[in-house]
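Numbering of the sequence shown is given in my numbering, commencing with residue 769 and proceeding in unit increments. Positions of the beta carbon are idealized from the N, C-alpha and C atoms, including for glycine. One structure is given below, encoded as structure tokens.
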Amino acid sequence: MDKFIIDGGRRLYGSVRMQSAKNSVLPLFAASVLTEKRVIIRETPPISDALCMAQILRELGAEVSFRGNDVVIDSANACCHEISSSLTKELRSSVFMLGSLLTRFHKALIAYPGGCDIGLRPIDLHLNALKRLGVEIRERDGCIYCRADVLKGADISLDFPSVGATENIMLAAVKAKGRTLLSGAAKEPEIVDLQNFLNGMGAKISGAGTDEIEIEGVENLNGITYKPVKDRIEAGTFLIACAICGGEVEVVGVKAEFIGILLHKLRENGCKIHVKNDKIVIESNGRLKCNRRIETMPFPGFPTDLQAQMTALNAVSSGGALVVENLFETRFKYVPELNKMGADIEVKGRSAFVRGVERLRGASLTAGDLRGGAALVLAALGAEGTSEVLDLSHIDRGYYDLQGKLKSLGADIKRVRV
Ligand code: EPZ
């Protein structure tokens, strides 16, 4: 097991290029089994969630190889429709393998998916939508058995704009008989990326990015070489790191409108933000004002995946802030770790009441989930003295070479074997 050792207090300067979006790459891996032809996904970081998805595809009989920055997937020989519980427990994204497996094999068997410990994470929206497409579903012994001799297009309405359910429906309807009209769809940029990927394979999908997506079932899907959208959450993480530490940092590859509300909040904190094409530059003097209120919402609202990082920033800003987490029930588990550093944050249910302090003190910290772990790293970068961050397996799920990128900006961070 590794840990980070961080000497806080360094200002950050320089430019850093974002990786392909984790939350785009994962559904694209699932979509690659829809065709027997070769699929190449460009510039894919070997983050552990991608390695886990690759293993899931290999279990189905596909050949998956990481070649430089690209992943080459050949699923002509894929023949299995079952995914082992050990793999599905590790990864929430395994759930949208249901849509792909049903389209490819007309049956699927997966164990209830796992993922970060940030809430209950039910899959009722996924399963109800699949039933609308003609899927028979039985749940027994923690497994989900699905079967659909014929997938039929249908009108589907989601009670909540679930990202995963929207993606599962697109993957299950893409070759169904007839038209599927999905209303109440999630509008994240990664949904648009999945639409572009599938249409590049020969699908007929329109409306992604709005709350109404139309999917005209097609007979056949070809292979594709595709470059996914860059990671807006990684970009937000680096922008917040600079806001906390002070300095001037440019993040490259992400459109400003994908994190528009974050940029608005960072300006509210007192940071200067300049945007030019896919370059976003932030300047911070390191001593900022709290945001009065941060409330996570589905896209284009404030992203839940940046909630922890923004709480870490408000913890060392002047004044107070109320942070409300509307998407996941237990996404404040990192707060006790920040309070160990001298932060003054009180959590009540889905709200965190932050009273900003001058500066945090270095401490020994343990990451409990992906984005909470990233928030601890950011807090340590701005803290006085030395911190260590343990259990990096959570951070490795979504950030590739985080320490290398931070070091290139002037941070004093080392990754050492424990
Ligand atoms: C995706 O998770 C992302 N993961 C998450 O990123 C992200 O936080 C989330 O969307 C919200 O933006 C991937 O894309 C791999 P949801 P997903 O279905 O699809 C409820 C990260 O850190 N819900 O939009 O699981 C659910 O409980 C990860 O990169 C149901 O009630 O999110 C939650 O409250 C964490 N029933 C809300 O919807 C369902 O059937 C949002 O979930 C499905 C979801």
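Could you check the C-alpha separation between residue 1071 and residue 842 for me, to the nearest Å? If you take the alpha carbons of residue 1071 and residue 842, they lie about 34 Å apart.
List in chain order: all unbroken beta strand (DSSP E) runs of 3+ residues lying wholly within the region 996-1079. 1015-1020, 1040-1044, 1047-1052 and 1061-1063
From which residue to which residue does the beta strand (DSSP E) around residue 812 run? Counting along the chain, residue 812 falls outside any beta strand (DSSP E), and DSSP gives it neither H nor E.
Between residue 1190 and the ligand EPZ, is there a pair consisting of the residue's CB and a ligand heavy atom that are separated by less than 6 Å? Residue 1190 falls outside the range modelled here, since the chain spans only 769 to 1186, and no answer is possible.
I'd like to check one pair, residue 1111 with residue 1148: are the Cβ atoms closer than 7 Å? no
Residues near residue 900 by beta carbon distance below 6 Å, same chain, minus five either side: Around residue 900: 922 and 924.
Taking 6 Å as the line, does the beta carbon of residue 932 fall inside it for any heavy atom of the ligand EPZ? yes
Straight-line gap, residue 1009 to residue 1133 (C-alpha atoms, nearest Å): 17 Å
Cβ-heavy atom distance, residue 890 to the ligand EPZ, below 6 Å: yes
With a threshold of 6 Å (Cβ to nearest heavy atom), would residue 936 be considered close to the ligand EPZ? Residue 936 Cβ: outside cutoff for every heavy atom of the ligand EPZ.
Reference residue 964, options 938, 886 and 1179, closest by Cα: 938
For residue 956 and residue 999, what's the separation of their Cα atoms in angstroms? 12 Å
Does the contact criterion of 3 or more C-beta pairs under 8 Å hold for the region 1115-1129 versus the region 1099-1106? In short, these stretches touch, since the Cβ pair count reaches three.
Assuming contact is defined by CB atoms lying nearer than 7 Å, are residue 818 and residue 997 in contact in what I supplied? no
Would you report the Cα separation of residue 784 and residue 1161, rounded to the nearest angstrom? 23 Å
Taking only heavy atoms of the ligand EPZ into account, decide whether any of them is closer than 6 Å to the Cβ of residue 792. no
Does the contact criterion of 3 or more C-beta pairs under 8 Å hold for the region 1011-1019 versus the region 1046-1058? Two segments are said to touch when three or more pairs of C-beta atoms, one from each, lie closer than 8 Å; by this definition the region 1011-1019 touches the region 1046-1058.
So, helix, strand or coil for residue 930, using DSSP? coil
Under three-state DSSP, which class holds residue 922? coil
Other residues of its chain near residue 1027: CB distance less than 7 Å, five sequence neighbours each side excluded: Counting only Cβ-Cβ distances below 7 Å, and skipping sequence neighbours, we find 1000, 1003 and 1004.
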